[in-house]
Amino acid sequence: RKKVVLLIILMMMSAVMQSLGIASVMPFLAVVGEPSIIHSNAMLTFVFDYLGFQSDDSFLFFLGVVAFVMFFVGTALNILTQWSVTMFGARQQFHLSRRLMEQYLRRPYEFYLKRNSSDLAKIVLQETGLAITGALTPAMRLMSHALVAISIIGFLVFLSPMLAASVATILGTTFALIFFFTKRWLTAVGKERVRAQRERFVSASEAGVGQKEIRILGQERSYLSRFERPSRRLANIAGYTGVLQ
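Throughout the sequence shown, residue numbering follows this note's numbering, covering 161 to 405 in sequence.
Here it is in structure tokens:
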């Protein structure tokens with residue numbers, strides 16, 4: 161929880177700096193397009209006089225440096241944020257898989273008689289990774305991007321409230337509809353993916369362990385078919401979800 165709080169603080173700093181970077185470009189571009197604005201805009205005139213500039217060119221250079229520094233710092237913070245989120249997710253995957261392994265090792269022997277060992281291994285080794293890469297890490301990145309979006313939208317509202325509200329409403333409604341219509345399908349696909357992955361792991365594990373019996377009984381095609389069916393379903397699911405993303 162402490163790490164999440166620190167990540168949120170870092171995300172907020174990154175969002176503010178990225179918004180300031182965008183904001184700092186605007187006066188620079190305005191002065192490039194019309195240098196006389198330095199002496200007609202109250203804020204630019206104040207900064208020009210307060211810092212004691214002697215020429216418009218030197219002030220334009222100063223604005224360019226400020227815009228570059230703001231943009232650079234915002235980008236650096238964004239890189240740091242994404243790195244921190246990725247590392248946080250990787251470490252959470254380690255802790256989650258370790259906790260699961262610890263719980264399985266503490267279970268009574270009867271627990272293992274009712275379950276396939278390859279299925280338990282799949283959960284520890286693969287499903288924990290998917291829980292992080294498919295849920296936790298995207299959620300953290302969504303929070304990061306949402307903070308950046310809120311910060312930029314706030315800046316746009318300050319500049320043009322009606323335009324910002326219109327764009328936010330249209331985009332927000334569009335994404336809400338997409339989420340509403342795909343949520344149920346994604347839930348069903350997620351459950352089917354888990355089933356297909358379980359069948360695939362079990363068939364591959366049994367084929368590896370029972371090689372002697374399979375060869376004696378000539379069951380190679382049968383086991384290949386058992387492996388092929390869930391693998392094909394899994395490939396189709398990966399394709400559908402990839403397109404939807």
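The C-beta atom is built at its ideal place from N, Cα and C for all residues, glycine as well.
When you compare the region 354 to 365 with the region 390 to 397, are there three or more beta-carbon pairs, one atom per stretch, that lie closer than 8 Å?
Yes: the two stretches touch, three or more of their Cβ pairs being nearer than 8 Å.
Starting from Thr293, trace the alpha helix (DSSP H) both ways and give me its first and last residue.
Unbroken run through Thr293: none, as it is neither H nor E.
For Leu384 and Lys372, I'd like the C-alpha separation in whole angstroms.
Leu384 and Lys372: Cα-Cα distance of roughly 15 Å.
Buried or exposed for Val191, going by 16 or more other Cβ atoms inside 10 Å?
Val191 comes out buried.
CB contact flag (Val284, Met261, <8 Å):
Contact flag set, yes.
With distances taken between CB atoms, is the gap from Met427 to Leu237 smaller than 8 Å?
Residue 427 is absent from the structure shown; the chain starts at 161 and stops at 405.
Is it buried or exposed for Leu307, if we count other Cβ within 10 angstroms and need 16 for buried?
Buried is the call here.
Does the beta-carbon distance from Phe208 to Phe219 come in below 8 Å?
At a Cβ-Cβ threshold of 8 Å, Phe208 and Phe219 count as neighbours.
Smallest Cα separation from Arg171: which of Gly399, His305 and Glu194?
It should be pointed out that residue 171 corresponds to Met in this sequence rather than to Arg. Shortest Cα-Cα distance from Met171 to any of Gly399, His305 and Glu194 involves His305.
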